[in-house]
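A short worksheet on the structure shown next.
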Amino acid sequence: SPVGTAMSVSSQSDQGRRGRSQTAVDESLLPPFVHQLDTKMKEYEREGDIEFPFEDTTGAGDENRMRGNWSSRTDSLLAIAGFTFGLGNIWRFPFLVYKYGGAAFFIPFAVCLFVAAIPVFFLEVSLGQFASVGAITVWKAVPLFKGIGISSVYLSCLLAISLAVTESWSLFYLFESIGFSLPWSDCTNSWSGKNCTAPGRMECSQMNGTLLLNGSCLSLIDGSITNTTLKSLVYFHKSVLMLSDTVDGIAPLNWYLGICLQITWVAVFLCLFQGVKSSGKVVYVVVVVPYIILGVLIVRLLTLDGSIAALLHFMKPDFTVLTNCKVWGEAAIQAFYSLSCCTGGLITLASYNRFHSNLLRDVWLIPLLDVICSLSACVLTFSAIGFTCRLIGVDIHHFQLRDGAHLLFVFLSEALSQLPAAPLYAALFFLMLALIINSTLLFVVETVISSLCDHFAEHLRKCRRHVLAVTCIVMSLFSLPFCSAAGMYWLTILDRYALRWPLIILAFLEVTSLAWVYGVDNLLDNIKWMTGKYPPVYLFWKMLWKYVCPIVYMLILSFVWQEWETLAYEAYTFPYWTSLVGWGLSLVPVVIIVVAALEEICGAKGTLSQRWSSVLNPDDSWGPALAIHRAEHFPLQIPEARRLLINCDDDLPPSEIGWKESRDVGIGPHTHENGYGGRISTDRLSHAATAASVPVFERETAI
8 SPVGTAMSVS SQSDQGRRGR SQTAVDESLL PPFVHQLDTK MKEYEREGDI
58 EFPFEDTTGA GDENRMRGNW SSRTDSLLAI AGFTFGLGNI WRFPFLVYKY
108 GGAAFFIPFA VCLFVAAIPV FFLEVSLGQF ASVGAITVWK AVPLFKGIGI
158 SSVYLSCLLA ISLAVTESWS LFYLFESIGF SLPWSDCTNS WSGKNCTAPG
208 RMECSQMNGT LLLNGSCLSL IDGSITNTTL KSLVYFHKSV LMLSDTVDGI
258 APLNWYLGIC LQITWVAVFL CLFQGVKSSG KVVYVVVVVP YIILGVLIVR
308 LLTLDGSIAA LLHFMKPDFT VLTNCKVWGE AAIQAFYSLS CCTGGLITLA
358 SYNRFHSNLL RDVWLIPLLD VICSLSACVL TFSAIGFTCR LIGVDIHHFQ
408 LRDGAHLLFV FLSEALSQLP AAPLYAALFF LMLALIINST LLFVVETVIS
458 SLCDHFAEHL RKCRRHVLAV TCIVMSLFSL PFCSAAGMYW LTILDRYALR
508 WPLIILAFLE VTSLAWVYGV DNLLDNIKWM TGKYPPVYLF WKMLWKYVCP
558 IVYMLILSFV WQEWETLAYE AYTFPYWTSL VGWGLSLVPV VIIVVAALEE
608 ICGAKGTLSQ RWSSVLNPDD SWGPALAIHR AEHFPLQIPE ARRLLINCDD
658 DLPPSEIGWK ESRDVGIGPH THENGYGGRI STDRLSHAAT AASVPVFERE
708 TAI
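In terms of the numbering used here, the sequence shown opens at residue 8 and continues consecutively.
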């Protein structure tokens, strides 16, 4: 009988719960029409990806058997922390603090983090957890903007190539650090030029000069420059990069660097081989160990002469910078990029959460960890500056710092080479750097894999490992040219054009489409559906998503374009055709969004107004991935629930027509909460339980 079936329904594959005691129902008490209804309703058949619609979601196993889930909340938290804490926290944030007012820079950074980064971070995490799908499929919420998801995957591919090349540099330095001395600690090597200079041989302070990062000394008296070069910079250019003089000078290829690159991609494949089950365990190493090493290095550098003085000097606040619009623009850019938004990674990582995970906690905890890591990077950098200036004999007021790869692979490697037991600390530093980059790279690649497997679920989900293998092989081939003599130039083009302003465009379109088309109230209702409560200050989030964020992203974009400079690396200025290549790469996401929107409109059926309505409203399959979660609010969408809550309109006895009056779920006074947001109408069972009490359905029955 249908009531007896509902009492014992469970996952078809779960054999362990068959022995669960059920409440017996006397079938003789059921009215005749129920037996006719039972013959009219078809048995449940799996639709789409919902294979286990009524699986117990409170146990230790996976809630979503098709895609899998994080084994624990710690796995999810560490994964998101590892994804967000990346190179920008290490090689750019300390430079901004150094350049723009010291500790005063934290004020505009915190404000911009709150209004530019956290809102879109919250939006992507909630969207991924609600739908439990990848960055492309999640746009069933607003099909017209599906191109945003495709563009995110495209940018993730470019970002993966950039990260893999940078990690190969770290591995190269790590292997070179294993020995009794560091190869860049003196100028007696084959790669050393005539201008290679050891710190002890150059007394810039005697010239009353300013020490430049490349080792040259700029005289403050006559403006002359002593043509000297730090040995670490010579090593980075000549031995690691084998840097050519022009961007079109491809040869030679550093095969040692190429081997490190292949090791990087093999490590990515092995870490993602079992999906989130393997990567969820890897994060305990690639995320936790770097924090430990960072603490060790900070403690060691703070014990050196000059480190405390430099730290106090560079962190001294200069509040006059708060009136400078450029400072606010740089703070907004850094805040936006610090949380790795709009690459699809946050959506992907959150999609493996259990549906009722407390995402409100992550929204504040992850940015807090990110800020702490950025502060730690500042302490590490400034203490190294103080030690280096004391060693060379230069006043810290005359030291000039640069951001980017030079900060890590030139300046910090130079400072570490002067420490006692230098190979040990250098190996720890580059191991930390490799793990930090790897933690981001893992989940950038996972974004690509999950997005493809979810979008083409029927063909690719069953062969996920093959997709992973092909993706790693293809990306390793595309990243190999960056190990050539011109690789640094092409990496600069990639970072300057494709991985900068397109992300801001995606952020603007993402917030605008979800807040104005999908509806900010629907977003907040979805969050309440998952967490059981609305976010604090309901009206504040509505104003932030609908009005503040779009305006902020337009201001950031205008600032980026206004501060655009001619592309250059060191003293080399890139030719004009490289700008065309860069703009071509950066315009691809815009083209994808337009083409995908046109495809959705042309593929819709009906009149023009019907087509617009179709592409602007959520797809029929939009919502929680599992039937048990859909049934908490929409039980009529679930076949098992429909069997008990509605009747067939055809062939019902006239005496039972009155039963139709209470067919709508949750309408009328005779309803009660089931404890999970859904409502059960007692009127539905009034005929089925005449003398006996109304059966109480368990949550696994999804009604």
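Each residue gets a CB set at the ideal place from its N, CA and C atoms; glycine is no exception.
Open item on the list: At the level of alpha carbons, what is the spacing between residue 276 and residue 167?
Closed with: 13 Å
Open item on the list: Spatial neighbours of residue 590 within its chain, please: C-beta separation below 7 Å, excluding the five flanking residues on both sides.
Closed with: 504
Task: Environment of residue 757 [buried if 16+ CB atoms lie within 10 Å] - done: Nothing about residue 757 can be read from this structure; the chain reaches only from 8 to 710.
Task: Selection from 452, 79, 543 and 252 that minimises the alpha carbon distance to residue 497 - done: 252
- [ ] Return the chain-ordered list of same chain residues with a C-beta closer than 8 Å to the C-beta of residue 568, the five sequence neighbours on each side being excluded.
- [x] 508
Open item on the list: If you follow the alpha helix (DSSP H) that residue 607 is in, where does it begin and where does it stop?
Closed with: 583 to 610
Task: Rounded C-alpha distance that separates residue 259 from residue 244 - done: 13 Å
Open item on the list: For the ligand GTP, is there any heavy atom lying closer than 7 Å to the beta carbon of residue 509?
Closed with: For the ligand GTP, the structure offers nothing, since it holds no ligand at all.
TODO: Could you please give the first and the last residue of the uninterrupted alpha helix (DSSP H) stretch that includes residue 96?
DONE: 94 to 98
Open item on the list: Using CA atoms only, rank isn't needed, just tell me which of 446, 372 and 371 is closest to residue 285.
Closed with: 446
Open item on the list: Would you call the segment 449 to 466 in contact with the segment 152 to 171, where contact means no fewer than 3 C-beta pairs closer than 8 Å?
Closed with: yes
Open item on the list: Tell me whether the segment 361 to 369 and the segment 525 to 541 touch, counting them as touching only if at least three CB pairs, one residue from each stretch, are closer than 8 Å.
Closed with: yes
- [ ] Can you tell me the Cβ-Cβ gap for residue 287 and residue 461, rounded? I've got them flagged as a contact below 8 Å.
- [x] Rounded, the Cβ-Cβ distance is 18 Å, inconsistent with contact.
Open item on the list: If I measure Cβ to Cβ from residue 322 and keep anything under 8 Å in the same chain, skipping five residues before and after, which residues do I get?
Closed with: 104, 109, 110, 385 and 389
Task: residue 429, enclosing alpha helix (DSSP H) - first and last residue - done: 429 to 462
Open item on the list: So, with DSSP's three-state summary, where would you put residue 633?
Closed with: coil
TODO: Taking 8 Å as the cut-off, decide whether the C-beta atoms of residue 147 and residue 628 are in contact.
DONE: yes
TODO: In angstroms with no decimal places, state the Cα-to-Cα distance between residue 112 and residue 405.
DONE: 21 Å
Open item on the list: Quick check on residue 638: does DSSP put it in helix, strand or coil?
Closed with: coil
Task: residue 588 and residue 552 closer than 8 Å at C-beta - done: no
- [ ] Give the range of the alpha helix (DSSP H) segment to which residue 301 is assigned.
- [x] 295 to 309
Task: Sequence-distant residues of its chain with Cβ nearer than 6 Å to residue 630 (five each side left out) - done: 637
- [ ] Check whether the segment 290 to 303 touches the segment 182 to 192, taking contact to mean three or more Cβ pairs, one atom from each stretch, closer than 8 Å.
- [x] no
- [ ] Take residue 560 and list the residues in its own chain whose beta-carbon comes closer than 6 Å to its own, dropping the five residues that flank it on each side.
- [x] 511, 514 and 515
Task: DSSP beta-bridge partners of residue 576 - done: 579
Task: Endpoints, the alpha helix (DSSP H) within which residue 123 is located - done: Neither: residue 123 is in no alpha helix (DSSP H) and is coded neither H nor E.
TODO: Report buried or exposed for residue 332, applying the criterion of at least 16 other Cβ atoms within 10 angstroms of its Cβ.
DONE: exposed
Open item on the list: Please identify the residue among 73, 94, 423 and 117 whose C-alpha is closest to the C-alpha of residue 378.
Closed with: 117
Open item on the list: Does the structure place the segment 153 to 167 close enough to the segment 345 to 358 that three or more beta carbon pairs sit under 8 Å?
Closed with: yes
Task: At least 3 beta-carbon pairs within less than 8 Å: the segment 470 to 483 vs the segment 263 to 275 - done: yes
Task: As assigned by DSSP and simplified to three states, the class of residue 232 - done: Since pLDDT at residue 232 reaches only 35, below the 50 mark, its modelled position is unreliable, and the value read off the structure follows with that caveat. Looking at residue 232 - three-state DSSP - the assignment turns out to be strand.
Task: Beta bridge counterpart(s) of residue 394 as assigned by DSSP - done: Its beta-bridge partners do not exist; DSSP assigns none.
TODO: Could you spell out the range, first to last residue, of the alpha helix (DSSP H) harbouring residue 246?
DONE: No alpha helix (DSSP H) holds residue 246; DSSP gives it neither H nor E.
TODO: Output the distance between the C-alpha atoms of residue 409 and residue 102, rounded to the nearest integer angstrom.
DONE: 7 Å
- [ ] Using a threshold of 8 Å, state whether the C-beta atoms of residue 304 and residue 92 are closer than that.
- [x] no
Open item on the list: Once the 5 residues before and after residue 493 are set aside, which same chain residues still bring their CB inside 6 Å of it?
Closed with: 251, 254, 256 and 257
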